[in-house]
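S.K.: Starting off with a structure, shown below.
Number of protein chains: 2
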Amino acid sequence: MANRVHNFCAGPCTLPLEVLQEAQEEFVDYRGAGMSLVEMSHRGDLYGEVHRRATALAGELFAVPEDFHVLFIQGGASLQFAMAPMNLLAGGGRGAYVNSGVWAAGAIQDGAHHGDIYTVWDGAGCNFTRMPKDEELQLRDGTRYLHLTSNETIGGVRFARWPQAAVPLVGDMSSDYMSRPVAWEKFDLVYGGVQKNLGPSGTALVFARKSAVDNAPQNIARYLRYDIHAKSDSMFNTPPVFSIYMVGKVLQWIKSNGGVPAMEKMAARKSAKLYRAIDASGGYYSNPVDPVCRSHMNVIFRLPDQGREKLFLAEAEAAGLVNLKGHRSVGGCRASIYNAMPEAGVDALAQFMDDFQGRNGG
Amino acid sequence: MANRVHNFCAGPCTLPLEVLQEAQEEFVDYRGAGMSLVEMSHRGDLYGEVHRRATALAGELFAVPEDFHVLFIQGGASLQFAMAPMNLLAGGGRGAYVNSGVWAAGAIQDGAHHGDIYTVWDGAGCNFTRMPKDEELQLRDGTRYLHLTSNETIGGVRFARWPQAAVPLVGDMSSDYMSRPVAWEKFDLVYGGVQKNLGPSGTALVFARKSAVDNAPQNIARYLRYDIHAKSDSMFNTPPVFSIYMVGKVLQWIKSNGGVPAMEKMAARKSAKLYRAIDASGGYYSNPVDPVCRSHMNVIFRLPDQGREKLFLAEAEAAGLVNLKGHRSVGGCRASIYNAMPEAGVDALAQFMDDFQGRNGG
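Residue numbers (the numbering used here), protein chains in the order written: chain V, 4 to 365; chain L, 4 to 365.
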């Protein structure tokens with residue numbers, strides 16, 4: 004594919020080219036069945052195999068312990084903002100939330116309607132440029148879980164390591180899913196949309212500790228209960244067939260490329276190249292995040308002024324480096340470099356940054 | 004495509020072949036952008052055009068009045084079972100539900116957790132072989148809406164005409180969506196999964212009267228509020244890009260083939276052929292549904308005994324007529340003949356039924 008661009012979109016985002024090509028080939032007539040996979044009964048053998056394989060691979064690659072359910076649930080992380088407290092606080096207790104930026108704020112706003120929750124640490128004080136230290140997380144009595152957003156897509160800030168806390172953690176990992184290992188013993192629930200690291204949009208992937216969710220409240224609709232999704236192996240109702248199929252293919256690609264440990268190393272390497280370009284620019288490019296907490300997925304940076312930012316984005320696009328515009332709420336630039344972003348794309352961007360600075364004043 | 008079968012699956016189900024082929028062609032490099040549509044920002048121009056066009060076509064083809072929102076929401080009809088009462092009963096009042104079979108029962112079971120609802124008519128008394136008459140729908144004081152399931156996929160029974168009621172209707176139309184016109188003046192809310200008549204699985208399509216939902220309750224998560232989805236044109240969070248894209252293509256196909264009026268006529272013609280084959284078989288094939296209420300989408304039938312049913316299904320499959328097995332909860336046979344099922348498929352099945360009876364005792 005001659006004209007393929009380097010796509011730094013924050014999500015949906017770049018997927019492995021071979022996955023797209025394989026899906027294209029199989030699309031109209033799936034394995035000689037005389038129909039497309041998206042036309043088949045989700046209870047049939049061919050889709051059943053796809054579904055089970057995606058579920059099993061998610062568990063295997065992420066080293067998920069046996070005592071967790073692996074679930075595909077529609078509605079994105081946003082629906083999880085409601086489901087987490089609905090299910091985990093039904094038996095009482097409170098949820099403590101770290102406000103680390105836009106996505107954490109969403110979890111807090113929505114969660115507050117479905118359980119007794121409070122903000123244990125608020126990043127507004129430092130303009131969301133770092134994550135809290137363990138000693139800043141003073142939990143109140145009766146806290147059932149501590150909710151965190153492992154990586155903030157918009158602020159470009161991440162938890163470099165999982166907090167130490169006296170209660171189980173709940174993590175929204177939408178934007179760094181399977182780019183790093185999870186300390187499962189600390190977590191009761193991990194959730195995230197798949198549309199950044201794991202596939203096209205259309206499903207959330209949820210890992211739920213069985214003992215934490217198997218006595219779900221009986222007084223909410225079945226779709227909102229983890230135990231119902233678990234009992235039916237994520238087929239309580241018609242699953243989003245195409246999304247799960249694609250996630251399965253991306254997971255297979257991750258496996259073939261060394262699994263999560265390799266993704267973690269690659270993410271560290273790729274992000275280091277961009278932060279180096281920023282830090283070596285003598286302030287021409289700037290990133291406000293505490294170096295320890297800098298995201299390995301979303302590298303945000305500004306140029307000296309908005310005029311040059313605009314020019315940078317236009318010239319980058321012309322050079323095949325697309326979707327580098329920062330989120331509309333903060334402006335600036337953002338390079339999202341998820342699992343499927345080839346290292347060559349990052350190299351090209353770092354080189355472009357250097358060249359651009361040379362051409363446009365240092 | 005030489006080996007293409009006639010796929011009578013109840014959903015997901017057969018889609019127009021040209022839609023599949025077009026999607027395949029565009030899949031890896033969408034309109035020369037150097038990337039797939041599923042890799043693009045949902046806020047970008049190319050997906051934006053797809054999204055707006057699918058939304059506009061849904062409204063146009065279904066003749067939806069201006070005072071309705073047209074929304075794509077993940078979670079299938081099942082999540083709507085919760086959202087309908089959450090949103091419509093927040094200001095008080097009760098929901099009256101017609102129990103017409105498996106899907107209506109689901110709406111009742113889930114809805115009961117999120118509003119004051121009651122069953123106004125229960126089809127269990129007639130084994131779900133007909134829908135209620137208007138005079139059987141005695142609403143209680145304070146009823147805010149009357150909920151119906153326009154077509155029961157498993158029971159093969161449908162409302163032949165919309166009930167007369169003193170309150171607005173709410174309709175789950177998952178299994179006969181856009182195969183017949185809607186009397187919009189009677190409805191406040193129409194919802195359904197798209198994976199039968201309108202595309203692959205992965206989204207529900209919801210039509211909500213603005214005046215009924217624009218003062219949605221503030222005390223539930225944003226994902227569960229129709230007004231939030233409406234304000235963001237179904238982009239409150241990352242939409243299920245591929246599903247909506249495919250729905251847009253199927254809608255275009257419906258438009259090119261005469262729109263909903265043509266779909267309605269074709270459904271009447273196709274289903275009549277199968278009911279004729281059943282009724283002309285001298286009891287060899289049987290269908291329990293009151294003729295007035297027989298579904299135009301899901302034609303259920305039994306053979307004289309289970310042995311011959313098994314043989315029928317096996318021989319039909321060998322003849323390229325697949326997925327004719329009835330739902331596991333009821334057994335027997337079921338031919339789902341949604342919009343995209345070609346009339347030739349129905350003709351082939353009717354002929355096969357006749358031949359099979361000839362070979363296997365009449």
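Even for Gly, the Cβ is constructed at its ideal location relative to N, Cα and C. Fair warning: this is a prediction, and the values are worked out from it, not measured in the lab.
#1: Taking residue 107 (chain L) as the reference, which of L:91, L:92 and L:125 has the closest Cα?
#2: Can you find the residues in the same chain that come closer than 7 Å, C-beta to C-beta, to residue 92 (chain V), ignoring five residues on each side of it along the sequence?
#3: Counting pairs of beta carbons, one from the stretch 168 to 185 of chain L and one from the stretch 63 to 79 of chain L, are three or more of them closer than 8 Å?
#4: List the residues of chain L whose Cβ lies closer than 7 Å to the Cβ of residue 34 (chain V), in chain order.
#5: State buried or exposed for residue 175 (chain L), treating a residue as buried only when at least 16 other CB atoms are found within 10 Å of its CB.
#6: How is the alpha helix (DSSP H) around residue 54 (chain V) delimited, first residue to last?
#7: Could you work out which residue in V:240, V:88, V:149 and V:154 is closest to residue 82 (chain L) when comparing CA atoms only?
#8: State the start and end residues of the unbroken beta strand (DSSP E) segment that holds residue 124 (chain L).
#9: So within the stretch 67 to 112 of chain V, which uninterrupted alpha helix (DSSP H) runs reach at least 4 residues, ignoring any that extend past its ends?
#10: Under 8 Å Cβ-Cβ, which residues of chain V neighbour residue 30 (chain L)?
#11: I'd like the list of long-range same chain contacts for residue 145 (chain L), defined as Cβ closer than 6 Å, with 5 residues on each side in sequence excluded.
#12: Below 7 Å between beta carbons is the criterion; list the residues of the stretch 66 to 89 of chain V that meet it against any residue of chain L, in chain order.
#13: Any heavy atom of the ligand HEM within a distance shorter than 7 Å of the CB on residue 140 (chain V)?
#14: Is residue 146 (chain L) close to chain V, meaning its C-beta is less than 8 Å from at least one C-beta of that chain?
#15: Considering residue 23 (chain L), what are the terminal residues of the alpha helix (DSSP H) in which it resides?
#16: Starting from residue 347 (chain L) and walking both ways along the beta strand (DSSP E), at which residues does that stretch end?
#17: From the DSSP secondary-structure annotation, give me the bridge partner or partners of residue 194 (chain L).
#18: Spell out whether any CB of chain L is found under 8 Å from the CB atom of residue 235 (chain V).
#19: For residue 368 (chain V), count neighbouring Cβ atoms within 10 angstroms of its own Cβ and tell me buried if that reaches 16, exposed if not.
#20: Would you kindly check if the distance between the Cβ of residue 205 (chain V) and the Cβ of residue 245 (chain L) is under 8 Å?
#21: List, in order along the chain, the chain L residues whose C-beta lies closer than 8 Å to that of residue 113 (chain V)?
#22: Could you tell me the distance, in whole angstroms, from the CA atom of residue 73 (chain L) to the CA atom of residue 195 (chain L)?
#23: State the Cα-Cα distance for the pair residue 347 (chain V) and residue 284 (chain V), rounded to the nearest angstrom.
#24: Could you name the residues of chain V that residue 241 (chain L) contacts, counting a contact when the two beta carbons are closer than 7 Å?
#25: Residue 289 (chain L) by DSSP, collapsed to three states: which one?
#26: Along chain L, which residues have their Cβ under 9 Å away from the Cβ of residue 55 (chain V)?
#27: Could you please give me the residues that DSSP links to residue 328 (chain L) through a beta bridge?
#28: Along the alpha helix (DSSP H) that carries residue 244 (chain V), what are the first and last residues, could you check?
#29: Taking the continuous alpha helix (DSSP H) assigned at residue 263 (chain L), which residues delimit it?
#30: Give, in chain order, every residue of the stretch 108 to 140 of chain V whose Cβ lies closer than 7 Å to some Cβ of chain L.
#31: Determine the direct distance from the alpha carbon of residue 235 (chain L) to that of residue 49 (chain L), and round the result to whole angstroms.
#32: What did DSSP end up calling residue 229 (chain V) once you bin it into helix, strand or coil?
#33: Report the three-state DSSP secondary structure of residue 142 (chain V) (helix, strand or coil).
#34: Who are the neighbours of residue 238 (chain V) on chain L, taking C-beta pairs under 9 Å?
#35: Should residue 300 (chain L) be labelled buried (16 or more other beta-carbon atoms within 10 Å of its own) or exposed?
#36: Return the Cβ separation of residue 199 (chain V) and residue 214 (chain V) in integer angstroms, given the expectation that the two are a contact with Cβ distance under 8 Å.
M.R.: Reading it off the structure:
#1: L:125
#2: 98, 118, 119 and 147
#3: yes
#4: Correct list: empty, because the minimum Cβ distance to chain L is about 11 Å.
#5: buried
#6: 48 to 64
#7: V:240
#8: 119 to 125
#9: 79 to 91
#10: 23, 26, 27 and 30
#11: 96 and 97
#12: 77, 78, 79, 81, 82, 84 and 85
#13: Although the ligand HEM was asked about, the structure shown includes no ligands whatsoever.
#14: no
#15: 20 to 29
#16: Not the beta strand (DSSP E): residue 347 (chain L) falls in the alpha helix (DSSP H), residues 346 to 362.
#17: L:175 and L:209
#18: no
#19: This structure leaves residue 368 (chain V) out entirely; chain V is present only between 4 and 365.
#20: yes
#21: 224, 225 and 226
#22: 12 Å
#23: 21 Å
#24: 14, 15, 79, 196, 198 and 204
#25: strand
#26: What residue 55 (chain V) touches in chain L: nothing, since even the nearest Cβ is about 17 Å away.
#27: L:336
#28: 244 to 259
#29: 262 to 282
#30: 113, 116 and 117
#31: 17 Å
#32: helix
#33: coil
#34: The contacting residues do not exist; residue 238 (chain V) stays about 11 Å from chain L at best.
#35: buried
#36: About 29 Å separates the two Cβ atoms, so there is no contact after all.
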